[in-house]
Amino acid sequence: MAYDVRLVKLINGELVLGKHDAENNTLKDLALIQTIPTEQGVQMMLLPFGYPFENEIGGEISMTHVLYEYKNVPEELTNKYFEASSNLTMASANTLRNLNMQAGGKGGGVSDISDLLKK
Numbered sequence: 001m002a003y004d005v006r007l008v009k010l011i012n013g014e015l016v017l018g019k020h021d022a023e024n025n026t027l028k029d030l031a032l033i034q035t036i037p038t039e040q041g042v043q044m045m046l047l048p049f050g051y052p053f054e055n056e057i058g059g060e061i062s063m064t065h066v067l068y069e070y071k072n073v074p075e076e077l078t079n080k081y082f083e084a085s086s087n088l089t090m091a092s093a094n095t096l097r098n099l100n101m102q103a104g105g106k107g108g109g110v111s112d113i114s115d116l117l118k119k
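Letter 74 of the sequence shown, counting from 1, is numbered 74 in this note's numbering, and no numbers are missing.
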């Protein structure tokens with residue numbers, strides 16, 4: 001199932017990511033984006049919308065509370081959002097290219113599972 005992830009600025013000035021529900025005109029599973037100034041520039045941090053009182057990404061807000069909707073959501077930000085909301089890590093093309101796919105069907109060179117357990 002493909003989700004319509006939107007990046008919006010709310011009327012209170014907060015920048016959030018969420019899954020758009022067109023039927024109810026809402027954003028679900030909200031993540032707050034905080035910018036953090038560092039010596040190297042500015043970094044972004046994704047937090048649950050209810051942070052610090054909620055530790056899971058969730059919640060719902062009506063699109064009537066949206067001041068501005070960004071036309072494009074950076075792919076890296078979308079991937080980080082999906083990782084944070086699903087607890088799954090997205091593999092990049094480079095990660096997949098670096099896998100040793102020529103192990104001869106032995107799971108990376110291990111032919112016996114007892115070899116994994118030996119110290």
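Note that beta-carbon positions come from the ideal geometry of N, C-alpha and C, so glycine has one too.
(Q) So, for Ala31: in the same chain, excluding its five sequence neighbours on each side, which residues have a beta-carbon less than 8 Å away from its beta-carbon? (A) Val16, Leu17, Gly18, Leu46, Leu47, Pro48, Phe49, Ile57, Tyr81, Ala84 and Ser85
(Q) Is the beta carbon of Ile33 closer than 7 Å to that of Met44? (A) yes
Q) Taking the continuous alpha helix (DSSP H) assigned at Lys28, which residues delimit it? A) Taken as a continuous stretch (DSSP letters only), Lys28 belongs to no alpha helix (DSSP H), being part of the beta strand (DSSP E) at Thr26 to Thr38.
Q: Would you tell me roughly how many angstroms separate the C-alpha atoms of Thr35 and Glu23, rounded to the nearest one?
A: Annotation: Thr35 to Glu23 spans about 31 Å, alpha carbon to alpha carbon.
Q.
Once DSSP output is grouped into helix, strand and coil, what is the label at Glu69?
A. strand
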